[in-house]
DNA sequence: AAGTGGACCTGCTAGC
DNA sequence: TGCTAGCAGGTCCACT
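Numbering (our numbering), first residue to last: 3 to 273.
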């Protein structure tokens, strides 16, 4: 999916345009990961408020409650007037006079869930246990070091879990570990305070750079304007198995951790 | 309790 | 050219 940069880029591409628009119709397609939890007609007539993000979730405020949205592995949102007839992978339309917000998600791991507020179930339940936002001042080397010390899993697995810091999925966890010079297989509790500091910086800078570049488009990611991202063009390890490391020329290695592919340079990244 | 592996669903691609 | 196994950006859940 869409990791934090793709979700944030998506949010930025439609939040201002949809704010204040009144819902005129709602269309629901095939089932997504979780049920909507409300009759779709209940949204008709309500105005859309702020669109905010927590981790990889978006919260779209309505006058009564709101919608928690997740893009899963293959989801994207579009917003505009040129939406046309829904295709086989278009599973949710929020129609307003300013345009239609449409969720397209071939694999349907994504979700749209109504909640009375972001602090009430089911939204609060889904958001509970999420780690710090990477751009939160509280997320620093000391925090990351303390959290990593409590785990014995590989540091990459700990990052991906999202319980310490949210937002880095498979691409950006690999890239941040490369930036920090840390072998992704290193046990969490063996990361020194100094290296945790470098890793925290790398997580922030990698995610920030990806937002600047409009995210990564590996297959079907597009922002709500339909624009593709460009970060994948400057990924240094992700998806580059066997290719030379951009820093030292050593072939990039691919291993599997927790059923996910991990890419790293065996020379630049150390335990 | 923490760690591991499977499940969800569909489409694309590399390889035979 | 055509089929198939394997793989894909996430996260929850059951089991050890």
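For each residue, glycine too, the CB sits at the ideal point set by N, CA and C.
- Here residue 199 carries a helix assignment [DSSP, helix/strand/coil].
- Listed in chain order, the non-local C-beta contacts of residue 218 below 6 Å within the same chain comprise 173, 231, 233, 234, local neighbours out to five positions each way being set aside.
- Per DSSP, residue 102 is one residue of the beta strand (DSSP E) stretching across 101-106.
- The beta strand (DSSP E) runs of length 3 or more contained entirely in the stretch 56-107 are, from start to end of the chain, 59-64, 68-72, 78-82, 92-98, 101-106.
- Under the 10 Å beta carbon count, residue 99 is surrounded by fewer than 16 other beta carbons and is classified as exposed.
- Pairing residue 36 with residue 113 gives a Cβ-Cβ distance under 8 Å.
- The beta carbon of residue 269 lies closer than 8 Å to those of 247, 250, 252 in the same chain, with the five residues before and after it left out.
- Assignment of beta-bridge partners to residue 264 by DSSP yields 257.
- Contact check for residue 226 against residue 79 passes: the beta carbons are separated by less than 8 Å.
- Excluding the 5 residues flanking it on each side, residue 15 has same chain C-beta neighbours closer than 8 Å at 81, 225, 226, 227, 229, in chain order.
- Between residue 168 and residue 11, the beta carbon gap of about 16 Å keeps them out of contact (Cβ cut-off 8 Å).
- In the DSSP annotation of this structure, the continuous segment of the beta strand (DSSP E) that includes residue 115 starts and ends at 113-117.
- In the displayed model, residue 19 falls within a helix according to three-state DSSP.
- Between the C-alpha atoms of residue 155 and residue 171 there is a straight-line separation of about 16 Å.
- Annotation for residue 151: the continuous alpha helix (DSSP H) segment containing it runs 143-151.
- Rounded to whole angstroms, the Cβ separation of residue 105 and residue 57 is 18 Å, and the two are not in contact under 8 Å.
- In the three-state reduction of the DSSP assignment, residue 192 falls in the helix class.
- Less than 8 Å divides the Cβ of residue 184 from the Cβ of residue 271.
- Setting aside the 5 residues that flank it on each side, residue 136 is surrounded in the same chain by 167, 169, 205, 206, 209, each with a C-beta closer than 6 Å to its C-beta; the list follows chain order.
- When beta bridges are read from the DSSP output, residue 42 appears opposite no residue.
- Shown here, residue 51 sits in a strand according to DSSP, grouped into three states.
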